[in-house]
Amino acid sequence: MQLSGRGIRCVRGGREIFAGLDFEAASGEALAVVGRNGSGKTSLLRLIAGLLVPAGGAIELAGGDGELTLPEQCHYLGHRDALKPALSVQENLTFWADFLGGERGDANLSLSTVGLDHATHLPAAFLSAGQRRRLSLARLLTIRRPVWLLDEPTTALDTAGQDMFCGLMRDHLARGGLIIAATHAPLGIDARELRIGRPA
Amino acid sequence: MTALGALIRRDVRIALRVGGGALIGVLFFLTVVVLMPFAVGPDLNLLSRLGPAILWLGALLASLLTLDRLFMADHDDGSLDLITMSRTPLELACAAKALAHWLAAGLPLIVATPVLGLLLNLDMVATGAVALTLLAGTPALTFTGMIGAALAVTLHRGGLLMAVLVLPLSIPVLIFGVAASNAVIVGPTPFGAPFSILCALSLVSFVIGPLAAAASLRHGLD
């Protein structure tokens, strides 16, 4: 499986963010997108996720499931965690598993992997920022998708959480997955660097 | 189908929980209709003549009141991103969200109508007629209102724009809803004709509403 982009140009609100960007990532490979604030790291992830339309260039996934589009094979973990405060931890996770469909793992197992098995019936409103992030990670584990698009994935995670997350990313890569992460902090795994814009 | 069922269940569940907002609409409806007899005065004939119009106005304003939340919450917490990326067509997801909204916020209005009919001196038949027209007409309000809710999300403007966009679309529903109810109460025009048009308006909105809302959400991707 190979995800590649050629000559991508991104325009938002009439302003060019970046142009002529090429990247490539194969199965089992992680790509760390780095650059200054506002250089377009999040925009690149949203372009891959199909949440923005590129002003030029093309992004394609070779060797994936031919029946599905690229966004349907991606997990997008953004700044906003798509959790409903009124629903419990369990309900939030089950909803996304039911709604997103596809191949799914054991929800309870993923909750215990991210360390939330003691709080399954707690409303998400009571979770701390780090716990919300852990619950979002449980979504990535419960529904199997080959491409992970991670936007500042380690924010709010404590040291133990970051170690746990590194382990999860390694497992995902070992299964032939693919990770593209926008990050300022070191990712904690071997990753190729993709720099957007001038060096900081 | 499981995806849409899950979406409907989730939205209804959130709406019915504390702070969900489903009951705000019903409470508003109750307030408007309960206050009306005090404002109009104790003229029973006048009240029963105005009854259907008051109930319909109350229901229309109540459903507008809660509609702007339809996509806003999902947009703000990032759920809309995941819904857009999923393999469920956005049109169907929009229709499921509108259906859930109607179940949680529209259906209680219809259930409350018989009680409120008493306050407006409407007899059993008249109350039944109003409840039936509301049952046929409020889905049209939700599904056309959804277009405004989707635009409000993509244009980053809140409730004001919603009211300006949606009110003109809901006027035909109001006209034929009240006309059908009055046909039963006052006569002599037949009930069937305005009621059929009301049903037709609902059916048209089932098709146009989700398509227009999904197009608006896609266009406003950001």
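Keeping their order, the protein sequence lines are chains F and S. Under the working numbering, think of the first position of the first sequence as 2, with each following residue one higher. Under the working numbering, think of the first position of the second sequence as -9, with each following residue one higher. For every residue, glycine included, the Cβ atom is placed at its ideal position computed from N, Cα and C. Keep in mind the model is a prediction, meaning the values are calculated, not measured.
Query, Result
"The region 161 to 174 of chain F / the region 81 to 101 of chain F touching (three or more Cβ pairs under 8 Å)", "no"
"S/A140 versus S/I(-2) - alpha carbon distance", "17 Å"
"Assigned exposure category for S/P71 - 16 Cβ within 10 Å defines buried", "The sequence shown places Asp at residue 71 of chain S, rather than the Pro named in the question. Answer is buried; the Cβ neighbour count reaches 16."
"Cβ-based contacts, 7 Å cut-off: residues of the region 98 to 128 of chain F near chain S", "D99, F100, L101 and G102"
"Identity of the residue in S/L6, S/A205 and S/V22 nearest S/G138 by Cα", "S/A205"
"One or two residues paired with F/D152 in a DSSP bridge", "F/A183"
"Status (buried if at least 16 other CB within 10 Å, exposed otherwise) for F/H80", "exposed"
"Exposed unless 16 or more other CB atoms sit within 10 angstroms - verdict on F/D194", "This sequence places Glu at residue 194 of chain F; Asp is not what is there. The residue is exposed, with fewer than 16 neighbouring Cβ atoms inside 10 Å."
"Chain-ordered neighbours of F/C75 on chain S, where CB pairs are closer than 9 Å", "M75"
"Neighbour list for F/G79 in chain S, Cβ cutoff strictly below 8 Å", "G68 and D71"
"The alpha helix (DSSP H) enclosing F/I9, as first and last residue numbers", "F/I9 -> not in any alpha helix (DSSP H); beta strand (DSSP E) instead, spanning Q3 to R13."
"Three-pair Cβ contact test at 8 Å for the region 139 to 154 of chain F versus the region 166 to 179 of chain F", "yes"
"Chain F contact residues for S/I4, given Cβ-Cβ distances below 8 Å", "K85, A87 and L88"
"Of the residues S/N111, S/A130 and S/A49, the one placed nearest S/F28, counting alpha carbons only", "S/N111"
"Neighbourhood of S/G10 by C-beta distance below 7 Å, restricted to the same chain and skipping five residues each side", "I4"
"Per-residue burial, F/E68 [other beta carbons within 10 Å of its own, 16 or more giving buried]", "exposed"
"Element boundaries [beta strand (DSSP E), containing F/D23]", "R16 to A27"
"Length of the line joining the Cα atoms of F/G131 and F/A83", "14 Å"
"Given F/T95 as reference, the closest of S/A170, S/A(-7), S/G41 and S/G177 once Cα atoms are compared", "S/A(-7)"
"Span of the beta strand (DSSP E), counted from its first residue to its last, around F/G57", "G57 to A63"
"Chain S residues whose Cβ lies nearer than 7 Å to that of F/G51", "M75"
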